[in-house]
Amino acid sequence: MKFNEELNNPKPVEDTEIVNSLSSDLDFQRLLLVADKSIGWVLLFLFVSVISGLIYLRYTVPVYESSTIIQIVSNNAAQQVLSVENPFEKNDIQAEVEFLKSKFLLERALKKLPLEVSYFNKGQFLSYELYKNSPFTVEYEIADSTLYNKPFHFTVINENLLSLTYTKNGTLLEKEFSPEKIELEGGVFKIKINNYSTVVDMQNQLKQQEFTFIINTPSAMVDKCISNLNITLINPSAQTIQISFRDNNSTKAKDIAETLANEFKLYDVEKRSQSSRKVLEFIEIQLDLAYNRLKLSETNLQQYKKQNNLSDVDQFASLYLDKLNRFENEIIDLDLQLNVLKEIETKINSGKNEMEVEALLPILAGTEYETSITTYIAPLKELSLKRQRTLQETTAGYEAVKVIDQQIALHRKLLTETITSLRQKLFSKKQELVSKAGNIQNKFLNIPEKELEYARLQRMSSIDEKFFSLLLEKKTEFSISEAGFVPQHIILENAQISAVPISPKKNIVIITFFTCGLVISILFVLIRYLFYRTISSMGELEKTLNAPLYVLGGIPNYKKEMPVSQLIVNQNPKSLIAESFRNVRSNLQFISSAEGPKIIAITSTISGEGKTFISINIGGIFAFSGKKVIILDMDMRKPKIHVGFGVDNTKGMSSILIKTENYKNCINKSLLENLDFITAGPIPPNPSELILNGNINELLESLKKEYDYVIIDNPPIGLVTDGLSLMQKADYPIYVFRADYSKRIFVKNAEKLYYTNKIKNLCVVINGVNINKSYYGKGYNYGYNSSYTNDYYVDDTQEQSGVFKRFFRRK
């Protein structure tokens, strides 16, 4: 027994204070109790979560990823031979990455794969693409563009007949056709079945027995694939790029990644070869002009010499001609450079592509103004490529395109001004050389007129010959350069067919679903804890009480089936439940040691808390000790004593109180020698009036003369007030709670009995405690040693229950 007194002078506690105190602090003991009671649900949640994860894995189409690694390397063999550097072949690695991401390059790659028609087999839940593995192919002629990018479903009925289903203008159409010719509005199809037995086997394996094909447009395929493409710059210093592609078909993922890398290499060679071809075209034009001039000058020289019968005049002017030729060679170089600058300026002003302008620049390689030109051409090239990529995704009126156009116009203006300035400088230098050449020519004035004219024609022929030789040399150089173009990109790692999907990953999915189940379980336990309002143990009862009440002890839960409250302490006197009643009896005797008969009044808050069970067995345990005991059933609205002892209820307390029967005629004997009882009798219409009519006092005085203990089984005081007066008359008023059944707020009723109704010596007992839990032992060790009891006494009332009952039938 424990006297629960927190204050020396306790004051009544307001209802709101009691309620708030019940949930203000975290009770770890109660939290563990709720967790223990929820273990079955926790395991169920975890089991369902793992099963859900397995179902997710089973019915989720796997995603595979294939990747290849390329390295950007400049390796022009011709430039190494000629020792000529083209500044426009310097690589911008970021530009290469952006170009690899472009729809333009992806479309080129996809056109080289068998993706014009997509084939699928459709199961009950999933569809799989039959890439390069379809047992049928489709040939088509489409006039109506609405038939593109639309699924057509068909089933094979036999070798000569199939059923085709498709949607037209929102209407589902289904027709039967011969596979050799399927005529639809807007198109004609031919389904060629490569292996009829394979098709039949696949249909038999699929519940819906259906195949699907889609005729794709290039733009639709690009839009579908672009989101699955990933370009990553691995190492800027080493200029390595990873091309990755994801798809539900591992072979398709590998082919797209591999084809995109190869197409990137091929496009690079094409663009650089195009640049070289533009240079060669320019040189060819100049060669034709130079050849005609050379042929004409040689013809004029021979005719003049023949007509004037002249000898070689080289001996007269060899010295002067050497100097003159040197100046004229420089003039030729200047003329060539002026022609190139003029051609560049013409194409820029005419809006020609910067790539064509760039093709003329290698002729200027090594000149003093090469850097000035390339400074503006290189950004123009980058802006042109950027504009091309942007136009693939937007229109010309888009704001981003307008900004790029403004930048291109600015660079063109600056380039034009630079070329104009360079041309002026070159022209000035040419004029200076022409002046020097004129001085040399003046020295020929002393030579006879015919010899002088002959020398002039010879000089012109020499100039044309040198110019022609220079162009031939340049043509040879760029022909070698074109032959030396090889891909600048090296594939360091080829794309492979992935055997393991990147999504979903089995371990991650299982862990994720298990974690979700664990989180749900924790939330479930916390919610149950927040809404857990029952008393579960002796310790929790003592913690909840805010009044100095006597805690007599706890009665273990009786596991055997017991339809009605009955006497059980006589069945096995050495059982733990019998010992717990002995403990209650001992604690009652500690409350008062005064001699004489005692009245014990027992009540509870509501029906079902075990007050009748406590009344009968407390009476039995006192009878075991040799005391004469009588039990009175005062719960006349819902009597149970007669049921527990197995007797009729034709007469009893109601009969005694209305004076129709003498109390001695209503006393019943039990199986125990010293234990008697009086049933409730016929249910009266006014139980409260019977209890308060004064006859009960006379009866109690008579019974106290014959019995040592009078035990009154009162009605629940939380529902009716019939038993309140009897509780006030009792020497030992006992208030019964039931573990995991009585609400914690019920404590307030017991406190009110103490504070408001001034019931002295009020005691409490908790019934139905689970002895297997640690929280019971904490609150049960009052009045005797728990471990000694568990060793000495046996509890043959405990029954083993199955796993399911232990997990899901806990109360």
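Numbering (the numbering used here) for the sequence shown: 465 to 1275. We treat Cβ as the ideally placed atom computed from N, Cα and C, and that holds for glycine. Remember, it's a predicted structure, so these values are computed and weren't measured experimentally.
Coarse secondary structure for residue i, derived from DSSP in three states
{"i": "Arg572", "result": "helix"}
{"i": "Asp797", "result": "helix"}
{"i": "Pro586", "result": "In the sequence under discussion, the amino acid at residue 586 is Lys, which differs from the Pro named in the question. Of the three classes helix, strand and coil, the one that applies to Lys586 here is strand, per DSSP."}
{"i": "Arg1202", "result": "strand"}
{"i": "Ser967", "result": "strand"}
{"i": "Gly1083", "result": "helix"}
{"i": "Phe618", "result": "strand"}
{"i": "Thr839", "result": "helix"}
{"i": "Asn1231", "result": "strand"}
{"i": "Gln535", "result": "strand"}
{"i": "Pro599", "result": "coil"}
{"i": "Ser1189", "result": "helix"}
{"i": "Thr998", "result": "strand"}
{"i": "Glu553", "result": "Note on Glu553: pLDDT 48, under 50, position unreliable in the model; no value is reported."}
{"i": "Arg920", "result": "helix"}
{"i": "Gly1072", "result": "coil"}
{"i": "Val1211", "result": "helix"}
{"i": "Glu1006", "result": "helix"}
{"i": "Glu560", "result": "helix"}
{"i": "Pro1037", "result": "coil"}
Beta bridge counterpart(s) of residue i as assigned by DSSP
{"i": "Cys1130", "result": "Cys1130 pairs with nothing; no bridge assigned."}
{"i": "Ile515", "result": "Its beta-bridge partners do not exist; DSSP assigns none."}
{"i": "Glu640", "result": "Ser627"}
{"i": "Ile1181", "result": "In DSSP, Ile1181 forms no bridge with anything."}
{"i": "Leu697", "result": "Ile705"}
{"i": "Tyr528", "result": "Asp711"}
{"i": "Lys1062", "result": "Tyr1173"}
{"i": "Glu957", "result": "Ile533"}
{"i": "Ser591", "result": "Lys586"}
{"i": "Gly1276", "result": "Because the chain spans 465 through 1275 in this model, residue 1276 falls outside it and cannot be assessed."}
{"i": "Arg1141", "result": "Here residue 1141 is Phe; the residue named in the question, Arg, does not match the sequence. Ile1095 and Asn1132."}
{"i": "Thr1067", "result": "Tyr1199"}
Whole-angstrom C-beta distance between residue j and residue i, which should lie under 8 Å
{"i": "Arg616", "j": "Tyr595", "result": "Note that residue 616 is Phe in the sequence shown here, rather than Arg. Not a contact, Cβ separation roughly 17 Å."}
{"i": "Phe1210", "j": "Thr1069", "result": "4 Å"}
{"i": "Tyr1027", "j": "Arg1101", "result": "Before going further, note that residue 1027 is Pro rather than Tyr in the sequence given. At roughly 20 Å, the Cβ-Cβ gap does not stay under 8 Å, so Pro1027 and Arg1101 are not in contact."}
{"i": "Asn1231", "j": "Ile1078", "result": "6 Å"}
{"i": "Lys1207", "j": "Arg997", "result": "5 Å"}
{"i": "Asp1140", "j": "Asn1132", "result": "6 Å"}
{"i": "Phe988", "j": "Ser513", "result": "Contact flag wrong, Cβ pair sits at about 12 Å."}
{"i": "Val1228", "j": "Ala1203", "result": "Not really, about 12 Å apart at Cβ, beyond 8 Å."}
{"i": "Ile657", "j": "Val602", "result": "With 8 Å as the limit, Ile657 and Val602 do not qualify as a contact, their Cβ atoms being about 11 Å apart."}
{"i": "Leu879", "j": "Ile812", "result": "6 Å"}
Status (buried if at least 16 other CB within 10 Å, exposed otherwise) for residue i
{"i": "Ile679", "result": "buried"}
{"i": "Leu490", "result": "exposed"}
{"i": "Glu529", "result": "buried"}
{"i": "Asn1150", "result": "exposed"}
{"i": "Thr681", "result": "exposed"}
{"i": "Tyr1244", "result": "Below a pLDDT of 50, predicted positions are generally treated as unreliable, and Tyr1244, at 38, falls in that range; the measurement from the model is reported next regardless. Looking at its Cβ environment, which holds 16 or more other Cβ atoms inside 10 Å, Tyr1244 is buried."}
{"i": "Ile1160", "result": "buried"}
{"i": "Asp608", "result": "exposed"}
{"i": "Leu724", "result": "buried"}
{"i": "Ala1011", "result": "buried"}
{"i": "Phe563", "result": "buried"}
{"i": "Asn1278", "result": "An answer regarding residue 1278 cannot be provided, because it is not within the stretch 465 to 1275 covered by the chain."}
{"i": "Gly1074", "result": "buried"}
{"i": "Ser502", "result": "buried"}
{"i": "Lys1222", "result": "exposed"}
{"i": "Lys938", "result": "buried"}
{"i": "Glu1165", "result": "exposed"}
{"i": "Leu921", "result": "buried"}
{"i": "Asp428", "result": "Any property of residue 428 remains undetermined from this structure, which presents the chain solely from 465 to 1275."}
{"i": "Asn1047", "result": "buried"}
is_contact[residue i, chain D] using C-beta, thresh 7 Å
{"i": "Glu807", "result": "In the displayed structure, chain D is absent; only one protein chain is listed."}
When the Cβ atoms of the region 1213-1221 are set against those of the region 1076-1088, are three or more pairs found closer than 8 Å?
no
Check whether the region 725-740 touches the region 753-763, counting contact only when three or more Cβ pairs, one atom from each stretch, lie closer than 8 Å.
no
For the region 686-693 against the region 701-713, do three or more pairs of beta-carbon atoms, one drawn from each stretch, fall closer than 8 Å, so that the two count as touching?
yes
Would you call the region 1134-1147 and the region 1043-1063 in contact, with 3 or more CB pairs under 8 Å?
Not touching, per the Cβ criterion.
Touch check for the region 628-648 and the region 580-588: three-plus C-beta pairs under 8 Å?
no
At a cut of 8 Å, does the region 797-806 reach the region 878-887 through at least three beta carbon pairs?
yes
With contact counted as at least three CB pairs below 8 Å, one residue from each stretch, are the region 1142-1158 and the region 1024-1041 in contact?
no
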